[in-house]
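>
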Amino acid sequence: MLKIIDVDLIGPYKLELVYSDGFHGVADLTGYFSKAPFSEIKDFQKFSLTADGSLNWSGNDLSASTLRAVTKGVQKTVATSFNVQEMEDVIKQASWDSMQEGRPDILQAAIRSYVEQFGHSQVIAKAGIKSRTSAYRSLKPQTTPNFATLVQLGHAVIELAKENINGRSETQL
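First residue of the sequence shown? That's 7 in the working numbering, and the numbers climb one at a time after it.
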């Protein structure tokens, strides 16, 4: 089943979307929000990503399939397997390098690359971070990241990779 795994607001009625099949693109939803029931929504920014991978505005859903039809973008390869030990080693080395050089951006970049593989929404939920803004700010280049948030995100990507491996091995038995 096609799901939206990450969503970012990029402009009025425009969202950058990442789908579970690896498709990345921009959806212009101006047409949807110019007619009922969406035209009655006062704040476009107040949406949620549902468990089934749809977007919801005040009880009005747009499915991943519907959104995919209006999304312009490109197909990217979906990472299907993760080497957990390699992820841990990369994050450890990035942590060390960050401390040695006094550059938190090294650790930030390493964690950001893994977060992007799983999708921001999934990692933020796994990390239990209440503020998406805080998580995004901690990963944004040219910002001083919050170390505690980076630790939470790093732990979450490792746990998601472990779950990915465990889920695959259970289905192969």
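Virtual Cβ for every residue (Gly too), placed ideally from N, Cα, C.
(1) Give me the Cα-Cα distance between residue 145 and residue 72, rounded to the nearest whole angstrom.
(2) Whose C-alpha, out of 81, 74, 142, is nearest the C-alpha of residue 10?
(3) Quick check on the DSSP output: what are the complete beta strand (DSSP E) runs of length 3 or more inside the region 38-64, in order along the chain?
(4) Measure how close the beta-carbons of residue 137 and residue 152 come, nearest whole angstrom, since I'm counting them as under 8 Å.
(5) Quick one: grab the DSSP three-state call for residue 149.
(6) Report yes if the CB atom of residue 168 is closer than 8 Å to the CB atom of residue 90, and no otherwise.
(7) Would the beta-carbon of residue 163 fall within 8 Å of that of residue 117?
(8) Would DSSP call residue 8 helix, strand or coil?
(9) Are at least three pairs of beta-carbons, each pair with one atom in the region 15-22 and one in the region 34-51, less than 8 Å apart?
Short version:
(1) Straight-line Cα distance between these residues: approximately 29 Å.
(2) It is 74 whose Cα lies nearest to the Cα of residue 10.
(3) You should have 61-63.
(4) Taking a contact as a CB-CB distance under 8 Å, the pair residue 137 and residue 152 does not count as one, their CB atoms being some 10 Å apart.
(5) The three-state reading of DSSP puts residue 149 in coil, since its state is none of H, G, I, E or B.
(6) In this structure, residue 168 places its C-beta atom within 8 Å of the C-beta atom of residue 90.
(7) Closer than 8 Å, so yes.
(8) Residue 8 falls in the coil class under three-state DSSP.
(9) With the cut-off at 8 Å, the region 15-22 and the region 34-51 touch.
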